[in-house]
Amino acid sequence: MKRILALILLHIVVTLLLSGCWNRRELNELAIAVAAGVDWVDDRYRLTVQVAIPGQVTSKKSGGPQAPATLYTAEGDTIFEASRRMTQVSPRKIYFSHLRMFLMDEAMAREGIAKVLDLLSRDHEFRPDFYLVITRGATAEETLKIMTQMETIPANKLYESLQTSEKAWSASMTVTLDELINDLTSSGKHPVLTGLIITGDRDIGRTRKNVENIDTPGQLKYSGLAVFKLDKLIGWLNEKDSRNYRLISGDVKSSVSFIPCKNEGKIIIETLRTDSKLKGRIVESRPEMDIRINMEGNIGAVECSGLDLSEPATVRELEAEMEENLKRSLESVVDKVQSKFKVDIFGFGEAFRRSHPREWKEMEKTWNERYFPNLKTNIHVDYKIRRTGTTNDTFLNDIKE
Amino acid sequence: MRYRRRTGHSSKNTTKEIPPANSSTNDTDALKPDITSSLEHIRTTLGNSTDIVIREIPLDEEEKHYMAILYTDGLADQKVISESVMMVVADITKSLVKEDNEYSQPFDGQKILEKVSLVNHEIQTITDYKKLFHALLSGDTIFLIDGLDRGIAAGTRGWKDRGVMETSAENVVRGPRESFSESLRTNTALIRRKIKDPNLWMETKQIGRITQTDVAIMYIHGIANDKIVEEVRTRLDRIDVDSILESGYIEELIQDKTLSPFPTVYNTERPDVIAAELLEGKIAILVDGTPFVLVVPALFVSFLHAAEDYYQRADISSFLRLLRYLSIFISLLGPSLYIAITTFHQEMLPTRLIFGLAGQREQVPFPAFVEAVLMELTFEILREAGVRLPKNIGSAISIVGTLVIGQAAVEAGIISPAMVIVVAITAISSFVVPSFNMSIAFRMLRFPLMALAGSFGLFGILVGVIAIVLHLCSLRSFGVPYMSPFAPLIPEGQKDSIFRLPHWLLSSRPRLINQTNYKRRKRTPPRKSRE
């Protein structure tokens with residue numbers, strides 16, 4: 001009996017070992033994709049993948065003849081097909097789990113991005129924490145060819161700089177796959193993605209020359225927000241509108257703005273905290289939107305003399321002026337979106353769905369056409385200046401001619 | 001050495017003659033009044049061994065009657081022999097002989113025996129050869145007198161002893177430094193010195209047909225569970241081997257389960273630990289000839305507790321214990337987690353880390369599993385070599401180790417630097433476990449887990465860990481569940497397992513060991529004195 005049991009056990013163990021190692025992949029058998037781009041070329045997809053070369057990234061003697069990353073491009077009727085076709089050029093199978101950036105060019109975005117996204121969300125290899133951006137004025141392929149300084153892998157540069165600029169400047173925003181799909185499927189909000197452009201000289205940007213000097217001729221830069229109607233691109237917001245758009249949607253962490261002085265110069269204020277509340281109301285059976293924004297900031301710089309910042313009244317005056325300024329610019333961006341794009345990218349509809357679910361059911365179908373363009377918005381800004389930095393009054397007050 | 005000595009012994013006598021001879025009619029035979037034949041028998045039985053000293057002292061004129069003094073040179077204390085034994089002999093002869101050098105009295109064995117029995121305080125009457133040989137070979141001095149069918153054994157045991165020295169295996173920053181030595185009597189004294197209670201009871205047995213090793217059971221009557229004491233007695237009585245040379249022999253012969261990497265008998269060389277264990281109701285088994293004392297029943301947690309835990313303040317001890325529990329997990333799972341994550345679950349790593357690891361691995365020719373096994377084996381070999389090497393060339397090993405593993409292997413591209421880090425942290429973690437046999441258990445289990453990780457990834461590790469946990473929960477040590485107080489969960493026991501609460505909160509002894517007398521002390525916090 002014991003013998004038989006032992007034999008059975010032995011056979012199980014042996015078969016386990018014989019079955020091989022299922023999906024075992026050693027680290028040096030992977031081509032780690034860090035960025036991928038999809039272009040729409042002649043009604044076909046062109047997939048471009050930027051693959052990091054780990055040895056180049058980590059070795060102490062970096063700056064050798066090899067670039068830190070390499071690019072593989074393949075075309076196909078479907079993206080999946082293109083990605084498998086890529087193995088014709090790539091020595092290793094592309095591994096997508098560590099994707100940082102997913103780029104789509106403008107043509108692709110105008111064609112519709114939804115069919116691209118399904119693959120990304122379905123395939124098990126994609127870890128949905130990469131950011132999606134739209135390249136503007138260049139294809140994704142061209143964009144991924146630009147060499148970058150500091151972060152040697154361009155995808156890392158794109159990733160880091162999108163994160164930092166979202167936090168510190170707020171004109172661009174990080175959108176992950178989940179967030180994008182959420183916006184796409186929600187009836188009361190349309191998606192928005194950050195735009196990416198190449199500035200300067202593209203031809204030098206592609207070569208090692210780009211990173212050899214202090215001056216980097218070709219740069220990758222985020223610029224503006226792409227406005228989508230469902231999954232199709234319909235237009236762009238400029239930098240200022242982008243920032244104000246993000247204020248309304250309430251996820252600005254920090255930014256910089258200014259108000260003019262009474263005499264010459266400006267007072268620069270650093271925003272540190274914002275919080276926005278969207279609240280729908282029905283007034284005489286018409287929807288109205290209350291937008292309440294609470295902000296806090298510090299005085300960042302003062303360019304004009306004659307300002308007594310130790311006086312609470314002065315600060316209160318500045319706050320009032322700030323509120324007025326902000327209100328005006330927020331109104332302008334809402335106006336612009338209402339008249340030009342006629343697409344609810346702010347999520348007003350979503351706010352209505354939450355506060356008035358019954359009424360929303362009726363409005364849902366015609367929200368973008370009928371209600372949104374004519375929606376009355378009441379914007380209320382509450383700005384608090386908390387600190388004046390390390391000094392009170394500016395020394396400009398003491399400069400005497 | 002040990003091996004050779006044993007075979008040398010057995011080649012002539014042991015294999016055929018000694019085991020039956022020991023129990024044969026000759027030995028259990030009573031002593032005969034005829035001293036000449038008795039001495040002859042003793043001589044032949046001991047093979048005329050040169051360290052057996054036999055002195056014959058005539059007791060009457062015709063030298064018809066004489067007495068014999070027998071002792072083993074080296075085992076008997078020379079000082080005691082020369083002072084009291086020879087003194088008694090001198091006394092006896094003096095009383096027999098008058099000034100004119102003539103024997104005044106006729107021979108009277110009984111009278112002489114009475115005089116001899118005054119030699120010292122440790123007197124034992126001997127009536128058969130079995131007792132005689134045991135006493136003689138334990139260092140006692142035997143007096144045989146012509147015409148009497150009994151002799152006397154006087155306690156003269158005293159041999160060169162290492163003495164009470166500093167602990168070598170279990171070091172502490174704070175706490176007593178003394179450790180047990182090879183002499184059973186010294187060891188029991190060390191324990192007695194710590195617990196001066198009449199309820200500290202001790203029983204002694206001789207185990208080992210040839211070695212006749214003294215084995216003592218110590219427990220505190222009233223605290224120790226009588227059933228367990230009885231169980232220890234029966235298990236010790238069941239032992240039937242020819243030799244007990246170390247407590248490890250006993251451990252293997254009395255443990256509940258042999259096929260387990262985990263030790264179910266605790267051992268220590270620290271008297272303070274033994275005292276603490278006795279006070280928890282456990283039973284100590286002391287074996288003559290080794291400083292390592294066994295404790296039963298042993299729980300999993302006690303292998304992770306250091307003596308010092310009770311000497312440092314509660315918060316410090318709790319932190320150190322947490323650290324130990326963490327390090328057993330590292331020492332068990334370190335390399336296997338690395339293998340699993342880098343070969344199966346690359347998506348779990350932060351992106352920057354995977355670049356680093358992949359960059360290091362670019363030139364490595366082996367799979368991570370082979371790499372890990374190579375390094376772990378190298379480390380185990382180095383460690384074993386370090387233990388066996390003479391102390392003064394031990395440093396050579398560390399040089400070779402650091403150079404070979406740390407640098408050359410990495411520079412040659414055989415091993416990735418990350419693997420060196422993993423192996424190093426695993427190795428260091430395994431040394432944190434205070435008990436050597438527990439730490440080696442985890443070190444051994446590391447290899448199957450690595451194989452599982454190399455073929456199934458985290459899934460394999462999970463299966464392996466579940467198997468280990470199930471096995472641990474199925475173990476018992478002398479009837480007490482090995483994993484208590486975790487499984488079964490005993491809330492009271494949690495006070496002194498992963499954490500150690502202050503002494504005034506530890507009001508009860510381990511519940512599964514002490515089923516009746518488990519209150520340890522009143523639960524009163526220390527108070528500030530009022531002025």
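Top to bottom, those sequences are chains A and B.
For the first sequence, the UniProt record's numbering gives the first residue as 1, with consecutive numbering after it.
For the second sequence, the UniProt record's numbering gives the first residue as 1, with consecutive numbering after it.
All residues carry an ideal CB built from backbone N, CA and C; glycine is no exception.
Helix or strand or just coil, what does DSSP make of residue i?
i	result
B/Y518	coil
B/A372	helix
B/D91	helix
A/Y95	strand
A/A6	helix
B/G457	coil
A/H380	strand
A/M85	The displayed chain sequence assigns Arg, not Met, to residue 85 of chain A. A/R85: helix per DSSP, three-state reduction.
B/Y311	coil
B/L253	helix
B/P335	helix
B/N392	helix
A/T135	strand
B/S73	Note that residue 73 of chain B corresponds to Asp in the displayed sequence, not to Ser. Correct three-state label for B/D73: coil.
A/G224	strand
A/F372	helix
A/T390	coil
How many Å lie between residue i and residue j at the Cα?
i	j	result
A/I259	A/D241	17 Å
A/E331	A/M322	14 Å
B/G175	B/V432	18 Å
A/G349	B/M483	59 Å
A/D183	A/Y45	24 Å
A/R122	A/D178	12 Å
B/M419	A/G389	49 Å
A/T139	A/M147	15 Å
B/R43	B/G74	18 Å
B/V387	A/H11	38 Å
A/M173	A/Y131	9 Å
B/N517	B/K282	12 Å
A/A109	A/L230	11 Å
A/I358	A/D251	Sequence check: residue 358 of chain A is Arg here, not Ile. Whole-angstrom Cα-Cα distance: 28 Å.
A/M232	A/F102	Rather than Met, the amino acid found at residue 232 of chain A in this sequence is Lys. C-alpha separation (whole angstroms): 17 Å.
B/R521	B/S507	5 Å
A/N294	A/V334	18 Å
A/I385	A/I113	42 Å
Below 7 Å on C-beta distance, what does residue i contact in chain B?
i	result
A/G55	G359 and E362
A/E374	Just to set this straight, residue 374 of chain A is Asn in the shown sequence, not Glu. Chain B residues near A/N374: none, gap ~46 Å exceeds 7 Å.
A/A114	Near A/A114 there are no residues of chain B at all, since even the closest Cβ is about 25 Å away, more than 7 Å.
A/A52	F355
A/R127	E347
Taking C-beta pairs closer than 8 Å, name the residues in chain A that residue i reaches, listed in chain order.
i	result
B/A368	E26 and L27
Output, in chain order, the set of chain B residues within a Cβ distance shorter than 9 Å of residue i.
i	result
A/I32	Q346, T351, I354, F355 and A358
A/N23	F344 and G457
Contacting positions in the region 433-454 of chain B - beta carbon closer than 8 Å to chain A: The region 433-454 of chain B vs chain A, Cβ under 8 Å: G454.
Within the region 168-218 of chain A, ranges of the beta strand (DSSP E) (whole runs, at least 3 residues): With a minimum length of 3 residues, the continuous beta strand (DSSP E) runs that stay inside the region 168-218 of chain A are 192-200.
Members of the region 156-170 of chain A that neighbour chain B once the beta carbon cut-off is set at 9 Å: Going along the region 156-170 of chain A in chain order, one finds N156 and Y159 with a Cβ nearer than 9 Å to chain B.
3 or more residues per run - each beta strand (DSSP E) lying fully within the region 27-75 of chain A: Counting only runs of 3 or more, we get 30-41 and 44-52.
Length at least 3, wholly inside the region 199-241 of chain B: the beta strand (DSSP E) runs in chain order: Complete beta strand (DSSP E) runs here, min 3: 200-207 and 213-220.
Contacting positions in the region 82-100 of chain A - beta carbon closer than 8 Å to chain B: Here the close residues are Y95, S97, H98 and R100.
Every unbroken beta strand (DSSP E) inside the region 229-312 of chain A [3 residues or more]: As far as the region 229-312 of chain A is concerned, its whole beta strand (DSSP E) runs of at least 3 residues are 232-237, 255-260, 266-283 and 286-302.
Residues within the region 174-203 of chain A neighbouring chain B, beta-carbon criterion of under 8 Å: Cβ contacts with chain B come from no residue of the region 174-203 of chain A.
The region 334-355 of chain B: positions lying closer than 7 Å to chain A by Cβ: Under the 7 Å Cβ criterion, the region 334-355 of chain B contributes T342, T343, F344, Q346, E347, T351, I354 and F355.
Runs of alpha helix (DSSP H) wholly within the region 114-184 of chain B (minimum 4 residues, chain order): With a minimum length of 4 residues, the continuous alpha helix (DSSP H) runs that stay inside the region 114-184 of chain B are 129-138.
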